[in-house]
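Top to bottom, those sequences are chains A and B. Just so we're aligned: 81 in the working numbering is position 81 of the first sequence, and the numbers increase by one with no gaps anywhere. Just so we're aligned: 66 in the working numbering is position 66 of the second sequence, and the numbers increase by one with no gaps anywhere. Quick notes on the structure that follows.
2 protein chains.
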Amino acid sequence: MRSRFHQGLDELRARLLRMGGLAEQAVDRACQAYKDRDLNRCHLVLEGESLINATEREIDEMAFDLLAMQQPMAVDLRFILAVTKINSDLERVGDQAVNIAERVMDMAELPAAELPVDIPRMAAAVSAMVRRALESFIEGKAELAQAVLEMDNVVDRMRDEAFISLVKAMNERPDVTRQALDALLVARNLERVADHATNIAEDVIFWVRGADVRHNAGIEPNVPQGVTDTN
Amino acid sequence: MRSRFHQGLDELRARLLRMGGLAEQAVDRACQAYKDRDLNRCHLVLEGESLINATEREIDEMAFDLLAMQQPMAVDLRFILAVTKINSDLERVGDQAVNIAERVMDMAELPAAELPVDIPRMAAAVSAMVRRALESFIEGKAELAQAVLEMDNVVDRMRDEAFISLVKAMNERPDVTRQALDALLVARNLERVADHATNIAEDVIFWVRGADVRHNAGIEPNVPQGVTDTN
């Protein structure tokens with residue numbers, strides 16, 4: 001039989017997955033709204049934000065309670081810390097979905113314009129990153145997380161391409177400046193979602209390998225630092 | 001005499017303040033670079049990023065060690081969790097400074113343009129927010145942190161104004177489209193720095209009041225949630 005503490009960890013994991021599902025759904029809805037100029041979906045994204053925020057808060061409180069409940073083992077401690085960080089990133093993914101929905105609402109007031117950018121393609125790449133980052137968390141597999149880190153470069157390149165061609169469009173066709181700017185900001189928001197997926201993948205690796213791979217520090221386990229002998 | 005654990009907490013606090021100093025400096029340098037079209041300062045910001053990233057990692061490892069060392073009291077636990085969250089936000093403030101420096105480098109390749117936006121004024125407001133958020137952390141004062149939350153609306157308004165007048169400039173003067181876009185993205189980056197200052201202020205309040213004020217949940221202390229009776 002699992003202890004109360006380990007049941008708590010299971011519940012924490014389940015809640016974080018629900019949080020991940022909400023954040024993913026928000027991004028998918030916002031991107032679908034972009035594609036279809038669909039104001040209803042925009043409103044769904046805006047209305048969904050408070051549930052995402054409330055879920056973030058619950059998860060943080062639960063992580064706090066688990067830490068306060070007993071002295072966790074090192075691996076459980078890393079897991080709980082990873083959950084609180086992933087939680088923050090998922091909430092910010094939700095914020096980006098709101099930003100995208102707001103841009104779509106702005107665009108919907110303007111004449112539709114043919115723009116040199118494939119937002120749905122970029123959205124598909126970004127959604128795949130979020131999904132895989134969550135899968136790497138579910139499976140506890142650092143290799144899956146590592147694959148997410150590599151996908152980030154692809155999204156960055158898409159963003160750069162979008163930037164160049166949309167600025168060109170703004171210059172050549174002043175009548176679509178605002179639409180092009182909206183699309184450019186949507187591309188930036190998607191890039192930020194990809195950054196959050198990257199953060200999540202790094203937190204999974206931190207938890208699984210007990211190592212800190214952030215900022216290209218390598219994936220070898222760190223020698224634990226002492227508390228008093230540092231500085 | 002303070003225990004080894006409490007010496008560790010003091011050291012953690014000192015390191016987070018150094019991290020805060022680095023992040024503040026990066027934003028100030030990037031904004032000064034904008035004002036003077038100063039590529040040297042841009043390079044300083046870009047080079048400073050790795051120190052910020054390394055400091056973030058050290059603080060996280062130290063927080064982990066402190067949590068693993070002994071069962072912290074609830075107030076110390078909240079403090080350590082607040083430190084790890086503030087740490088992430090400061091690192092992201094550093095990222096925004098890098099983004100601003102990159103925009104300035106782009107602008108420096110283009111003819112200088114008179115633009116309808118007061119970036120230095122916005123930068124001053126944002127820097128004040130970061131500084132006060134860190135002060136609220138040093139002093140452990142929720143009132144100071146509360147003031148930061150109120151300043152965020154001012155910055156959001158500045159960003160909206162910048163957005164409107166820069167889009168207008170893009171429409172009317174296609175020759176400065178790219179400069180106007182760069183300025184607009186700098187304004188957005190500053191707004192994001194303000195958002196991070198807000199997050200920091202919320203984390204200070206969470207620590208000091210033992211309450212979660214995020215997402216307008218009010219500042220009354222929460223009734224602690226049980227671990228098994230939630231769902």
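Backbone N, C-alpha and C define an ideal beta-carbon position, used for all residues, glycine too.
If you measure from the beta carbon of residue i to each beta carbon in chain B, is any gap under 8 angstroms?
| i | result |
| --- | --- |
| A:Val167 | yes |
| A:Ala68 | yes |
| A:Ser88 | yes |
| A:Pro116 | no |
| A:Asn40 | no |
| A:Gln146 | no |
| A:Leu77 | yes |
| A:Gln25 | no |
| A:Thr55 | no |
| A:Pro111 | no |
| A:Met141 | Sequence check: residue 141 of chain A is Lys here, not Met. So, not an interface residue. |
| A:Gln71 | yes |
| A:Thr198 | no |
| A:Met129 | no |
| A:Leu181 | yes |
| A:Leu149 | no |
Residue i and residue j: beta carbons closer than 8 angstroms?
| i | j | result |
| --- | --- | --- |
| B:Ile200 | B:Ile86 | yes |
| A:Met107 | A:Arg37 | yes |
| A:Val104 | A:Val27 | no |
| B:Ile205 | B:Ala145 | yes |
| B:Ala97 | B:Ala30 | yes |
| A:Cys42 | A:Ala33 | yes |
| B:Leu115 | B:Leu181 | no |
| A:Phe9 | A:Asp89 | Looking at the sequence itself, residue 9 of chain A is Leu, so the reference to Phe does not match. Cβ atoms of A:Leu9 and A:Asp89: not closer than 8 angstroms. |
| A:Ala123 | A:Leu190 | yes |
| A:Arg78 | A:Gly210 | yes |
In its own chain, which residues sit with a C-beta less than 7 angstroms from the C-beta of residue i, not counting the 5 before and 5 after it?
| i | result |
| --- | --- |
| A:Leu110 | Arg178 and Gln179 |
| A:Val148 | Met129, Arg132, Ala133, Ser136, Ala197, Thr198 and Ala201 |
| B:Leu46 | Val98 and Ala101 |
| A:Ala183 | Leu115, Val117, Ile119 and Leu166 |
In whole angstroms, what is the alpha-carbon distance linking residue i and residue j?
| i | j | result |
| --- | --- | --- |
| B:Pro307 | A:Leu185 | A question about residue 307 of chain B goes unanswered here, because the residues of chain B that appear run from 1 up to 231. |
| B:Met62 | B:Leu134 | 19 angstroms |
| B:Met151 | B:Asp195 | 10 angstroms |
| B:Ala233 | B:Asp95 | This structure cannot settle anything about residue 233 of chain B, because the visible part of chain B is limited to 1 through 231. |
| A:Ile138 | A:Glu91 | 18 angstroms |
| B:Asn171 | A:Asp175 | 7 angstroms |
| B:Glu11 | B:Asp203 | 19 angstroms |
| B:Gln7 | B:Ala68 | 15 angstroms |
| B:Glu49 | A:Ser3 | 43 angstroms |
| A:Gly226 | A:Ile164 | Residue confidence is low: A:Gly226 scores 37 on pLDDT, short of 50, so the model does not pin down where it sits. No coordinate-derived value is stated. |
| A:Arg192 | A:Ala74 | 31 angstroms |
| B:Leu16 | B:Ala112 | 38 angstroms |
| B:Thr84 | B:Arg173 | 46 angstroms |
| A:Asp160 | A:Val154 | 10 angstroms |
| B:Ala14 | B:Glu24 | 15 angstroms |
| B:Ala169 | A:Arg18 | 44 angstroms |
| B:Ser127 | B:Leu44 | 18 angstroms |
| A:Gly20 | B:Gly20 | 30 angstroms |
Give every residue of the same chain whose Cβ lies closer than 6 angstroms to the Cβ of residue i, excluding the five residues on either side of it in the sequence, and list them in chain order.
| i | result |
| --- | --- |
| A:Leu22 | Ile52 |
| B:Val233 | Residue coverage of chain B in this structure runs from 1 to 231, which leaves residue 233 of chain B outside it and unanswerable. |
| B:Ala162 | Val117 and Ala187 |
| B:Gln70 | Phe5 |
| A:Lys35 | Pro120 |
Please return the same chain residues whose Cβ sits closer than 8 angstroms to the Cβ of residue i, not counting the five positions on each side in sequence.
| i | result |
| --- | --- |
| A:Arg121 | Met158 |
| A:Asp229 | Any reading at A:Asp229 must be qualified, since the residue scores a pLDDT of 33, below 50, and its modelled position is unreliable; no value is offered. |
| B:Ile80 | Leu9, Leu12, Ala63, Leu66, Leu67 and Pro72 |
| B:Ala125 | Met151, Val154, Val155, Met158 and Ala194 |
Does residue i come within less than 8 angstroms of chain A when only Cβ atoms are used?
| i | result |
| --- | --- |
| B:Asn153 | no |
| B:Ala133 | no |
| B:Phe64 | yes |
| B:Arg157 | no |
| B:Gln96 | no |
| B:Ala187 | no |
| B:Met105 | no |
| B:Arg178 | yes |
| B:Ala74 | yes |
| B:Met19 | no |
| B:Met170 | yes |
| B:Leu81 | yes |
| B:Pro174 | yes |
Please determine whether the Cβ atom of residue i lies at a distance below 7 angstroms from any heavy atom of the ligand GTP.
| i | result |
| --- | --- |
| B:Arg178 | Within the structure as shown, the ligand GTP is missing, as the structure has no ligands at all. |
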